[in-house]
Amino acid sequence: MAESVYKVIELVGTSTESWEKAAAAAVARASKSLRDLRIAEIVQLDMQLEEGKIIAYRAKIKVSFKYEGSE
3 MAESVYKVIE
13 LVGTSTESWE
23 KAAAAAVARA
33 SKSLRDLRIA
43 EIVQLDMQLE
53 EGKIIAYRAK
63 IKVSFKYEGS
73 E
């Protein structure tokens with residue numbers, strides 16, 4: 003089996019509805035510009051507040067994809 007290398011980047015997705023949708027938004031956007039996504043790990047969940055009310059859910063995720071850099 004050939005050895006592989008994966009790159010990991012950190013993204014933040016947002017949603018006005020839930021953390022799950024915030025994480026899904028980050029993965030959906032990443033999949034438009036990155037190929038061969040492998041793993042998404044939720045690193046942190048938080049909320050944006052305004053006047054004591056939740057206005058957005060935020061999910062910070064790490065996404066890995068196969069590295070295809072020049073050798």
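Numbering of the sequence shown is given in this note's numbering, commencing with residue 3 and proceeding in unit increments. Using N, Cα and C, we set each Cβ at its ideal position, and we do this for glycine too.
Spatial distance of residue i from residue j (CA atoms)
i	j	result
A61	I44	7 Å
S66	A26	15 Å
A30	E53	30 Å
I11	K55	30 Å
L47	K9	22 Å
L36	E70	11 Å
T16	V7	29 Å
S20	E5	38 Å
I41	M49	24 Å
Contacts around residue i, its chain only, beta-carbon distance under 7 Å, and the 5 residues preceding and following it disregarded
i	result
L13	A28, A32, I63, V65
L51	I57
Closer than 7 Å: residue i CB and nearest the ligand GDP heavy atom
i	result
Y8	Inclusion of the ligand GDP in the displayed structure is not the case, the ligand content being empty and no account of it being possible.
Cβ shell of residue i (< 8 Å), same chain only, five flanking positions each side left out
i	result
L39	V29, A32, S33, V65, S66, F67
T18	I57, A58, Y59
Same chain, Cβ closer than 6 Å to residue i, five either side skipped, listed in chain order
i	result
E22	none
Host alpha helix (DSSP H) of residue i (start-end)
i	result
E22	21-35
First through last residue of the beta strand (DSSP E) which encompasses residue i
i	result
T16	8-17
D48	39-52
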